[in-house]
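Residue numbers (this note's numbering): 1 to 267.
Think of the CB as a built atom: it goes at the ideal place given N, C-alpha and C, for glycine as much as any other residue.
As the structure is a prediction and not an experimental result, all values here were calculated from the model.
Here is the structure we will look at.
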Ligand SMILES: C[S@@+](CC[C@H](N)C(=O)[O-])C[C@H]1O[C@@H](n2cnc3c(N)ncnc32)[C@H](O)[C@@H]1O
């Protein structure tokens, strides 16, 4: 038997427990506090955790031992007691991401989402690249994209912040937008819609299918209820021709990120 540690995002313990139950039912709870869960399971189970990482765990590890001083990877459990662990490395590990200060001109905190996603995936949006952003108002993410010099098509029926200039605002619902409204080429597709996960993903997959040379994209998907956990695999499969990762960023609340990339076309 081994013990596997799962570090919790604040306020998302219910979603992590649901994900464990659905995807790793061989593990059983042995200890928890506000920072992490310890789950008992078979030796060697880390192979399955690497293959099917937990989106709602900001880090996973294999428990090694307890000590008075911390080892390389350790969590303090009480005064003078650290639990040391071996790191399980996966793209869902967002433990070390630290929030950068938001530029004064960025009109919404969503700026952090794209900033963190770009850092985490070493994703560089280059000047002149064409980006379609769905659910763009008031423009936190748009600010980031325009600052990088992207050619931006922002889709949202709501008003964009008037300080943002130099982009095309398609002021309509995504349901009413078709190919004729959009550019002939697109490099990246971004969505931060406050719609249900299914509607968001279906609309983004529809738009992505217009572009055979699409490099990839980034979606934030709402997961307000524990039953949304069961749809996550299906959402990832909607971008089949791409390498796809689901994850949770510190700037996310009850939502997840989906990053997809055509590695042959992108950096
Ligand atoms: C979380 S906010 C987006 C914040 C924005 N990304 C930013 O960086 O400032 C969600 C947005 O989705 C937009 N939205 C909701 N339904 C939509 C639809 N059917 N089509 C396009 N946008 C929609 C809302 O108007 C809202 O502005």
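Residue i: CB within 7 Å of a non-hydrogen atom of ligand 1
i, result
"residue 8", "no"
"residue 205", "no"
"residue 137", "yes"
"residue 175", "yes"
"residue 196", "no"
"residue 155", "yes"
"residue 145", "no"
"residue 193", "yes"
"residue 140", "yes"
"residue 91", "no"
"residue 208", "no"
"residue 256", "no"
"residue 158", "yes"
"residue 221", "no"
Distance between residue j and residue i (C-alpha atoms, nearest Å)
i, j, result
"residue 144", "residue 202", "25 Å"
"residue 139", "residue 253", "18 Å"
"residue 261", "residue 34", "34 Å"
"residue 127", "residue 150", "5 Å"
"residue 9", "residue 250", "8 Å"
"residue 255", "residue 85", "28 Å"
"residue 244", "residue 221", "14 Å"
"residue 211", "residue 83", "49 Å"
"residue 225", "residue 181", "34 Å"
"residue 81", "residue 65", "10 Å"
"residue 199", "residue 147", "29 Å"
"residue 259", "residue 67", "38 Å"
"residue 27", "residue 36", "15 Å"
"residue 79", "residue 240", "48 Å"
"residue 154", "residue 32", "43 Å"
"residue 135", "residue 42", "44 Å"
Buried/exposed call for residue i, threshold 16 Cβ in 10 Å
i, result
"residue 72", "exposed"
"residue 44", "exposed"
"residue 152", "buried"
"residue 232", "buried"
"residue 69", "exposed"
"residue 116", "buried"
"residue 156", "buried"
"residue 179", "exposed"
"residue 1", "exposed"
"residue 166", "exposed"
"residue 12", "buried"
"residue 96", "exposed"
Same chain only: Cβ atoms within 8 Å of residue i, ignoring 5 sequence neighbours per side
i, result
"residue 50", "88, 89, 90"
"residue 30", "3, 38, 39, 40"
Beta-carbon contacts of residue i that lie in its chain and below 7 Å, excluding the five residues immediately before and after
i, result
"residue 238", "201, 205"
"residue 94", "58, 120, 247, 248, 249, 250"
Close Cβ partners of residue i (< 6 Å) along its chain, the five nearest in sequence each way excluded
i, result
"residue 173", "157"
"residue 53", "90, 92"
Interface flag, residue i vs chain C, CB-CB below 8 Å
i, result
"residue 240", "As a matter of chain content, chain C is missing from the structure shown, which is built from one protein chain."
Between the segment 73-86 and the segment 8-17, do at least 3 Cβ pairs fall closer than 8 Å? no
Kindly confirm or deny that the segment 199-216 and the segment 180-187 touch, where touching means at least three C-beta pairs closer than 8 Å. yes
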